[in-house]
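In mature numbering (1 follows the signal peptide of the UniProt record, and there is no 0), the protein residues as written are -28 to -1, 1 to 365.
Comments concern the structure below.
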Amino acid sequence: MLHNRILFKVLFFALLSLSIGLSGYANAAQLPKLSEKAFVSIVTCSPTPNYEGGFGHSALRIQDSSLHIDVIFNFGSYSEKQSFFAYKVLLGTIVSYLNGESFKEFADRYKKNGRGMNEYYLNLTEQQKQSLWQELNRILISGERFYEFKVPTENCSTQLRDVLFKQCNWDKEAFLSVPTHQTYRDIELNDPLQNCWLHLLFNIVVGPETDRIMNLYQAAFNPTGLIELLKEVHQDGKPILMMSHKIFPPTQFKELPDKAIPLSVFSLLFIVATVLTYLQLKKAKHFLWFDRIILLLSGISGCFLLSLILFSKIDLLNSNYNILWALPTNLILAFLLKTNKIGKWRKAGIALTCLSLIIFPIAAAIGGQSIPTEAYLFAGTLFVRLLSYLKPV
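This is the structure in structure tokens:
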């Protein structure tokens, strides 16, 4: 069904372009040349409180009153009706594609969803406008329209950025050396996701590369970054951005995520672990059920992280020091743990796990990875409980 809809839109847009060409030109195989009245603009849409639109959206609009054209090119189309969609997003295997449609259809859809929308007009030459028009139509009817969506390095904003710089012959290298004093993680912290646990999940699954300072070109992975980049682009001594206006007011969020909730939960867990350890050491009470639960949680998290480290196509997820507390082997240790007979092999496994927990904050600091406080608290919970099994008999 999805492929049929995609094919229909491709054929519709191709026929639309072809019909315009037939009415104005003898050569029907070519796209019409845009007139002097043509406008090219960047349309940005405000973020949403869910993970699909958390960073916002960017698209390119081309208008020409002489040719009765008002279309928008959108690199952010994909189907959400896929099994394990969220996991595939982290793996970087979701296929996104360039879509072309009338601006009215695009705007009505985003207005219905309560999305804010701004428009920024670009000061381009006629040649640059024509080049963009031809290139986007070429991509639209070729296999190049499809690409693997990788947050945050390959998405609607980065694809649009690359096409703009290539077709307008702007110097990309000039912006690769301009630091922004921001990291990917910094920008995510301002993401309006209403689910505080999704914020925590993101900060755990991304590795040290997320904490590297971005250059101005890299930072254009969301609408804000793209506009900030274009503000720095000048042509013939004049800025590229001419003027802007608000089409729809920005999204109104009901509430901001309460990031104190996860912190409170993990703080309480650490306090409980400390109390249980005291009772175990002083009164010889055992709490095997608690230890197995936290080991299972750690092991499951470790298997999840390991799958991303090994198989994700997103570079930011291919290394992660959180694996030192989220050991996949903790799944096995959870079932081997016993109150009576620890045994030297079990004790060795516990000792190695404790050693990994000690190395964890040191390695993260040396590797330059920012670790959420919640992860440190959970690592401390594991350490306090496992340490009680290493006491001398």
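In this text, a Cβ means the ideal position worked out from N, Cα and C, and glycines have one as well.
What you are looking at is a predicted structure, and each value in this text was computed from that prediction instead of being measured.
Taking a contact to mean a Cβ-Cβ separation below 7 Å, would you say Leu112 touches Gly72 in this structure?
At a Cβ-Cβ threshold of 7 Å, Leu112 and Gly72 count as neighbours.
Quick check: residue 430 and Tyr189, are their CB atoms within less than 7 Å of each other?
Any answer about residue 430 is impossible in this case: the structure gives the chain only from -28 up to 365.
Leaving aside the five residues before and after Ser7 along the sequence, list all residues of the same chain whose C-beta is less than 6 Å from its C-beta, in chain order.
Answer for Ser7: Asp36 and Ser38, listed in chain order.
Proximity below 7 Å, CB of Ala351 to CB of Leu327
The criterion of a C-beta distance shorter than 7 Å is not satisfied by Ala351 and Leu327.
Below 8 Å on the Cβ atoms is my guess for Ile343 versus Asn294; work out the distance and round it to an integer in Å.
In this structure Ile343 is in contact with Asn294, their Cβ atoms being roughly 7 Å apart against a cut-off of 8 Å.
What separation, rounded to the nearest whole angstrom, lies between the Cα atoms of Tyr93 and Pro221?
Going by the C-alpha atoms only, they are around 18 Å apart.
Between Gly28 and Ser18, how many whole angstroms is the CB-CB distance? I'm expecting something under 8 Å.
The C-beta distance from Gly28 to Ser18 rounds to 6 Å, short enough to meet the 8 Å contact threshold.
Throw me the rounded Cβ distance for the Leu296 and Ile266 pair, which I believe falls under 8 Å.
That pair is no contact at about 16 Å.
For Val150, three-class secondary structure by DSSP:
Coil, per DSSP.
Runs of beta strand (DSSP E) lying entirely within the region 225 to 276, each at least 3 residues, in chain order:
For the region 225 to 276, not one full-length beta strand (DSSP E) segment reaches 3 residues or more.
Got a sec, what are the start and stop residues for the beta strand (DSSP E) Arg33 sits in?
In the DSSP annotation of this structure, the continuous segment of the beta strand (DSSP E) that includes Arg33 starts and ends at His29 to Asp36.
With a threshold of 6 Å on Cβ separation, who are the neighbours of Phe75 within its own chain once the five nearest residues in sequence on each side are excluded?
Hits under 6 Å: Arg33, Asp42 and Ile44.
Pairwise C-alpha distance: Leu282 and Lys202
Here the sequence assigns Leu to residue 202, which means Lys is not the residue at that position. If you take the alpha carbons of Leu202 and Leu282, they lie about 36 Å apart.
Could you tell me which whole alpha helix (DSSP H) segments of length 4 or greater appear in the region 84 to 126?
Counting whole runs of 4 or more residues, the region 84 to 126 contains the alpha helix (DSSP H) stretches 98 to 112.
Assigned secondary structure, Leu70 (DSSP; H/G/I helix, E/B strand, else coil):
The answer is strand: DSSP assigns Leu70 an E or B state.
Inspect the beta-carbon positions of Ile322 and Tyr348 and report whether they are closer than 7 Å.
No, Cβ-Cβ distance for Ile322 and Tyr348 is not below 7 Å.
Quick check: the Cα distance between Val61 and Lys363, rounded to an integer number of angstroms?
Their Cα atoms are separated by approximately 44 Å.
One question on the structure: do Leu235 and Glu52 come within less than 7 Å of each other, judged by their Cβ atoms?
No, Cβ-Cβ distance for Leu235 and Glu52 is not below 7 Å.
Look up residue 366 in the DSSP assignment and say whether it is helix, strand or coil.
The shown model of the chain, from -28 to 365, leaves out residue 366, and the question about it has no answer.
Return the residue from the list Ile199, His40, Lys285 and Cys275 that minimises the CA-CA distance to Leu303.
Answer by Cα proximity: Cys275.
With DSSP as the reference, label His206 as helix, strand or coil.
DSSP places His206 in strand when its eight states are reduced to three.
Return the chain-ordered list of same chain residues with a C-beta closer than 7 Å to the C-beta of Gly339, the five sequence neighbours on each side being excluded.
The beta carbon of Gly339 lies closer than 7 Å to those of Pro180 and Tyr293 in the same chain, with the five residues before and after it left out.
Nearest-angstrom beta carbon gap, Leu260 and Ser30 [assumed within contact, 8 Å]
Wrong, their Cβ atoms sit about 53 Å apart, outside the cutoff.
Check whether Asn95 and Met214 have beta carbons under 7 Å apart:
One thing to note: Asn95 has its Cβ within 7 Å of the Cβ of Met214.
Closest Cα partner of Trp142 within the set Leu170, Val177, Val123 and Asp208:
Shortest Cα-Cα distance from Trp142 to any of Leu170, Val177, Val123 and Asp208 involves Asp208.
Closest to Thr20 by CA distance: which of Ile176, Thr152, Asp158 and Asn194 is it?
Of all alpha-carbon atoms in Ile176, Thr152, Asp158 and Asn194, the one lying nearest the alpha-carbon of Thr20 is that of Asn194.
Who does Ile343 pair with in a DSSP beta bridge?
The partner list for Ile343 (beta bridge, DSSP) is empty, contrary to what the question assumes.
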